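K.L.:
Structure incoming, see below.
There are 2 protein chains.
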Amino acid sequence: MREVAIIGIGMMKWGELWEKSLRDLAVEAALNCIADAGTDRIDSISIGCMSGGLFNGQEHLASMIPDYLGLKHTPAMRVESACASGGLAVRTAYMEIASGMADYALAIGVEKMTDVSGGEATYGLATAADQDYEAFNGINFPGLYALMATAHMHRYGTTREQLADVAVKNHRNGNLNPNAQFPALMTREQVMSSVMVAAPLRLMDCSPITDGAAALLLTTVEEAKRLGKHPLVVISGIGLATDTIALCQRKDILKMPAVEIAAQRAFKMAGKTIRDINFAEVHDCFTISEIMIMESLGIVEPGQGGPATSAGLTALDGKFPINTSGGLKSKGHPVGATGVAQIYEVVTQLRGDAGKRQLANAKVGLTQNMGGSGGSCVIHILEVKS
Amino acid sequence: MREVAIIGIGMMKWGELWEKSLRDLAVEAALNCIADAGTDRIDSISIGCMSGGLFNGQEHLASMIPDYLGLKHTPAMRVESACASGGLAVRTAYMEIASGMADYALAIGVEKMTDVSGGEATYGLATAADQDYEAFNGINFPGLYALMATAHMHRYGTTREQLADVAVKNHRNGNLNPNAQFPALMTREQVMSSVMVAAPLRLMDCSPITDGAAALLLTTVEEAKRLGKHPLVVISGIGLATDTIALCQRKDILKMPAVEIAAQRAFKMAGKTIRDINFAEVHDCFTISEIMIMESLGIVEPGQGGPATSAGLTALDGKFPINTSGGLKSKGHPVGATGVAQIYEVVTQLRGDAGKRQLANAKVGLTQNMGGSGGSCVIHILEVKS
């Protein structure tokens, strides 16, 4: 298997981008990535998008996006695993390089969510749950994560304040990220007095509806060295795992086996443990998610995610910074783009280019991208090789 | 790059399968494949499906299908390129093996199209065209292929009878395939008197709306030998190419560059030319498609597809049999399953298991699976290694 490096990254400021279409977003991120890489050699394109069909009446992005990027005829595919689609697109690009099918592979994540109403967007997102046994009966993702939050509070004593502190911390980071959709600072009181969505989760516990895209250019480590790329950022581990699509079929709704198993696989491949990781971007689709992911990754013991957050463990100046980009909460969550943008942030930190949110010790980073209520998870481990 | 073999195949009789859901279909095909392979070792699953979102309100198949197959936690992904989604799923499984990410990879193609009305299905399919510049203006696939058929008749003198002969031949083959949705024999007169859909294409020129699935199990050639698989069927070439999504943006609407280029790539990888191929399954979504694909693959010169069909070149007993399975026309076209089922048929022929439709000389076969009006194309070359 050939070793793989990331030599280009691109995105744009995310938000409600009325003036940009699905294809505009994908092309803009890709062109920014090509400019960053300093090469436009592309042998293969993988596109992560959750639901162009439901959000835009547009499938077949693997034809449309290369075409509008000026790269028609290039081999391309769209991959989907709900909100983990972006991470999957990067894993697919990795396989293109590792297998020798391509020498340069572009991974794009994109979602254009504001072409439909909020209700239609929520319906679209709920197709990541089990349609026949969950969504059809009226529950959607705020409701599913509210069940987890309630159980977590009951079993571990996690508090309303601790949930709020996840949002406060991520908005503090997003405030330093020029690409964030909602960079505004947020107080614990503002989070706790925001409108109720699904008790105990309030509006400021939920990631937003976002238009956005991100892109990465991958090649072999050998080729990246030949191009003189320094620092050389490599993908040293990837883990992909799945679980029951329906939350009700898990033995314990406070465990996320897909996250645990994907992490084990990525750690094994990279020859590392969680103690070797300096920082992470994780899938904080709701505040409770970040807490449960911290526990599933082994950053803290089960039940300690809330207290650790309030104690500052995961802050920019904490021992294990999480979501330096602002996370899904502040940066935004164009679902298919999120997994790609998580890696964009880790590469930015590893390169030392994160400006006011730059970490002092960013040598090995991890991204955790998740679909549904934990029905799928993709984890990448990235590090500086030289 | 590791060499890849196909050691298991599975499908079921296709049709309007009211009693089977999306998940039932995928699981049934996968279990049939596992039974055929004689092993249930599966390290990775790739699922081709065009639009679970629009047809079933269900995305995130990469979580749901492994779960219902009893394989939760297995790495899985869904891939999509409109009607070429199935071929892409096989290519993805190939990469899993070739790269060393997996030793056993299951490729599933599935589509459940009859949960929605005919109008909704036609809308869903039209999302494979350019939504903003084609579908929004009212044209859909029968209309787009009707434009090609009209131009082909005008430039080359292709006749109404020649179009009909594609359908007659494919129904004659499908009549010998127990899995075909519409195995009824069809006369030229019946095709030519069927209801008009988009002039000059009539109902019997169009592939149907179908529920169905198919699955393949891939492993390394080394592992297949260890298991004593004989005959040993290998994938010796794969080609993937894209083109403009909108038909109106092609320089010549009677050329299919994605097909030509995908074929060149597959031939190069396999070290073969079209003259080394004994038979093919091609994407006859409309009768005109099969004629144009014959020309794009170089089986005949441009303009000769119609006359060659009427002269029997592509019949079961012809020099270059095409769509021995009955093709999309007679076997049915559950869009995400088609590309996988094409390979199912080629493997069946290569193994000598095709019963009454068995070819005498089936050593090297080709599959051509296409998205939209030719915006994407995946080609596989398969052969018996021992």
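Protein sequence lines, in the order shown, are assigned to chains A and B. Sequential numbering of the first sequence, starting at 1, is according to the numbering used here. Sequential numbering of the second sequence, starting at 387, is according to the numbering used here. Quick reminder that beta carbons are idealized off the backbone N, C-alpha and C, glycines included. Note that the coordinates shown come from a computational prediction; the quantities given were computed from them, not determined experimentally.
1. Assign A151 of chain A to one of three DSSP states: helix, strand, or coil.
2. Using the C-alpha atoms, what's the distance from K13 of chain A back to P178 of chain A?
3. What are the start and end residues of each continuous alpha helix (DSSP H) run of 4 or more residues lying completely inside the segment 330 to 380 of chain A, in chain order?
4. Using a Cβ-Cβ cutoff of less than 7 Å, which residues in the same chain neighbour M148 of chain A once the five nearest sequence positions on both sides are dropped?
5. Looking at D426 of chain B and I420 of chain B, is the spacing between their C-beta atoms short of 7 Å?
6. Count the other CB atoms, across all protein chains shown, that sit within 10 Å of the CB of M397 of chain B; report buried if there are 16 or more and exposed otherwise.
7. Please confirm if T309 of chain A has its CB atom under 7 Å from at least one CB of chain B.
8. Could you check where the alpha helix (DSSP H) with E28 of chain A kicks off and where it finishes?
9. Over what stretch of residues does the alpha helix (DSSP H) that includes F55 of chain A continue unbroken?
10. Within the chosen definition, does the segment 518 to 533 of chain B reach the segment 258 to 278 of chain A through at least 3 CB pairs nearer than 8 Å?
11. Scan the segment 174 to 240 of chain A and note each continuous alpha helix (DSSP H) run of 4 residues or more that stays entirely inside, going in chain order.
12. Give the DSSP bridge partners of F665 of chain B, in chain order.
13. Under 7 Å between C-beta atoms, does D252 of chain A make it to chain B?
14. Which stretch, first to last residue, makes up the beta strand (DSSP E) that contains K268 of chain A?
15. Name the DSSP bridge partner or partners of F286 of chain A?
16. In angstroms, rounded to a whole number, what distance separates the CA positions of S407 of chain B and G372 of chain A?
17. DSSP on G100 of chain A, reduced to helix/strand/coil?
18. Are I431 of chain B and L474 of chain B closer than 7 Å when you measure CB to CB?
19. Just to make sure I have the definition right: I need the residues of chain B whose C-beta is within less than 9 Å of the C-beta of T39 of chain A. Which are they?
20. Does the pairing of the segment 86 to 102 of chain A with the segment 160 to 168 of chain A give three or more beta-carbon distances under 8 Å?
21. Measuring alpha carbon to alpha carbon, tell me which of A:C285, A:S99, A:A341, A:S310 ends up nearest L125 of chain A.
22. Using 8 Å as the threshold, is the segment 601 to 618 of chain B in touch with the segment 695 to 710 of chain B, meaning 3 or more CB pairs across them?
23. Thinking C-alpha only, which one of B:I708, B:K705, B:Y531, B:A515 is nearest M436 of chain B?
24. Which residues of the segment 459 to 477 of chain B have a Cβ closer than 7 Å to any Cβ of chain A? Give them in chain order.
25. According to the Cβ coordinates, are F441 of chain B and V502 of chain B closer than 7 Å?
26. Per DSSP, V686 of chain B is paired with what?
27. What residues from the segment 424 to 454 of chain B come within 7 Å of chain A, judged by C-beta to C-beta, listed N to C?
28. Under 6 Å Cβ to Cβ from V27 of chain A, same chain only, skipping five residues before and after it: list those, please.
29. As a quick exercise: from A:G118, A:R226, A:L247, pick the residue whose alpha carbon is nearest that of A135 of chain A.
30. Quick check: what's the CA-CA separation for R2 of chain A versus E189 of chain A?
31. With a cut-off of 8 Å, do at least 3 Cβ pairs link the segment 73 to 89 of chain A to the segment 153 to 165 of chain A?
32. Mark R588 of chain B as exposed unless 16 or more other C-beta atoms lie within 10 angstroms of its C-beta, in which case mark it buried.
33. Which of the residues in the segment 477 to 500 of chain B, read from start to end, lie with their CB under 9 Å from any CB of chain A?
34. Tell me, to the nearest whole angstrom, how far the beta carbon of E295 of chain A is from that of I322 of chain A; I am working on the premise that it is less than 8 Å.
35. Going by DSSP, which residues form a beta bridge with C83 of chain A?
36. Quick one: Cα of P208 of chain A to Cα of S194 of chain A, how far?
P.N.:
Put simply:
1. Numbered from 1 along the first sequence, position 151 holds the residue referred to as residue 151 of chain A. Helix.
2. Residue mapping note: residue 178 of chain A aligns to position 178 of the first sequence, counting from 1. Residue mapping note: residue 13 of chain A aligns to position 13 of the first sequence, counting from 1. The alpha-carbon atoms of P178 of chain A and K13 of chain A are separated by roughly 7 Å.
3. Listed in chain order, they are 335 to 351.
4. In the first sequence, the residue the question calls residue 148 of chain A occupies position 148. Only I253, L254, I288, M292 meet the Cβ criterion.
5. Translated into positions along the second sequence, residue 420 of chain B becomes position 34. Translated into positions along the second sequence, residue 426 of chain B becomes position 40. Yes, they are a contact pair.
6. Translated into the one-based positions of the second sequence, residue 397 of chain B becomes position 11. Flag for M397 of chain B reads buried.
7. The residue you call residue 309 of chain A lines up with position 309 of the first sequence. With a threshold of 7 Å between beta carbons, T309 of chain A makes no contact with chain B.
8. Within the first sequence, residue 28 of chain A is the residue found at index 28, counting from 1. Element bounds for E28 of chain A: 22 to 37.
9. Position 55 of the first sequence holds residue 55 of chain A. Residues 52 to 56.
10. By the C-beta criterion, the segment 518 to 533 of chain B is judged not to be in contact with the segment 258 to 278 of chain A, since fewer than 3 inter-stretch pairs fall below 8 Å.
11. Taking 4 residues as the minimum length, the alpha helix (DSSP H) runs contained wholly in the segment 174 to 240 of chain A are 188 to 192, 221 to 226, in order along the chain.
12. Taking the first residue of the second sequence as position 1, residue 665 of chain B is located at position 279. Paired residues: B:G751.
13. On the first sequence, position 252 is the one that residue 252 of chain A refers to. No, its Cβ sits nowhere closer than 7 Å to a Cβ of chain B.
14. As a first step, residue 268 of chain A must be located in the first sequence, where it is residue number 268. Per DSSP, K268 of chain A belongs to no beta strand (DSSP E); it is in the alpha helix (DSSP H), 257 to 270.
15. Sequence index remark: in the first sequence, residue 286 of chain A carries index 286 (1-based). Answer is A:C206.
16. As a position in the second sequence, residue 407 of chain B is number 21, starting the count at 1. As a position in the first sequence, residue 372 of chain A is number 372, starting the count at 1. Cα to Cα, S407 of chain B sits roughly 21 Å from G372 of chain A.
17. To locate residue 100 of chain A, count along the first sequence from 1; it is residue 100. It is coil, neither helix nor strand.
18. Along the second sequence, one-based indexing puts residue 431 of chain B at 45. Along the second sequence, one-based indexing puts residue 474 of chain B at 88. No, the Cβ-Cβ distance between I431 of chain B and L474 of chain B is not below 7 Å.
19. Position 39 of the first sequence, counting from 1, holds the residue named residue 39 of chain A. Correct list: empty, because the minimum Cβ distance to chain B is about 20 Å.
20. The segment 86 to 102 of chain A, when compared against the segment 160 to 168 of chain A, does not touch it at the 8 Å Cβ threshold.
21. Along the first sequence, one-based indexing puts residue 125 of chain A at 125. For the options A:C285, A:S99, A:A341, A:S310, the alpha carbon positioned closest to that of L125 of chain A is the one of A:C285.
22. In short, these stretches do not touch, since the Cβ pair count stays below three.
23. Within the second sequence, the letter at position 50 stands for residue 436 of chain B. Of B:I708, B:K705, B:Y531, B:A515, the residue nearest in Cα terms is B:A515.
24. So the close ones are H459, T460, P461, A462, M463, R464, V465, E466, S467, A468, L474.
25. For this step, residue 441 of chain B is matched to residue 55 along the second sequence. For this step, residue 502 of chain B is matched to residue 116 along the second sequence. Yes, they are a contact pair.
26. Sequence index remark: in the second sequence, residue 686 of chain B carries index 300 (1-based). Answer is none; V686 of chain B lacks a bridge partner.
27. Taking 7 Å as the Cβ-Cβ cut-off against chain A, the residues of the segment 424 to 454 of chain B that qualify are M436, S437, G439, L440, N442, G443, Q444, E445, H446, A448, S449, M450, P452, D453.
28. By 1-based counting over the first sequence, the position of residue 27 of chain A is 27. Once the five neighbours on either side are set aside, the close Cβ partners of V27 of chain A are Y68, L69.
29. For the purposes of this step, residue 135 of chain A is taken as the residue at position 135 of the first sequence. Ranking the options by Cα distance to A135 of chain A, first place goes to A:L247.
30. Along the first sequence, read from residue 1 onward, the residue named residue 2 of chain A stands at position 2. Along the first sequence, read from residue 1 onward, the residue named residue 189 of chain A stands at position 189. Cα to Cα, R2 of chain A sits roughly 50 Å from E189 of chain A.
31. The answer is no - the segment 153 to 165 of chain A does not touch the segment 73 to 89 of chain A, with fewer than three Cβ pairs under 8 Å.
32. Numbered from its first residue, the second sequence carries residue 588 of chain B at position 202. The residue is buried, with at least 16 neighbouring Cβ atoms inside 10 Å.
33. Flagged, chain order: R477, T478, Y480, M481, E482, I483, A484, S485, G486, M487.
34. The residue given as residue 295 of chain A occupies position 295 in the first sequence. The residue given as residue 322 of chain A occupies position 322 in the first sequence. Cβ atoms of E295 of chain A and I322 of chain A stay farther apart than 8 Å, at about 12 Å.
35. Counting from 1 along the first sequence, the entry for residue 83 of chain A is found at position 83. Partner(s): A:S81.
36. Your numbering for residue 208 of chain A matches position 208 in the first sequence. Your numbering for residue 194 of chain A matches position 194 in the first sequence. When the Cα atoms are used, P208 of chain A and S194 of chain A turn out to be separated by approximately 14 Å.
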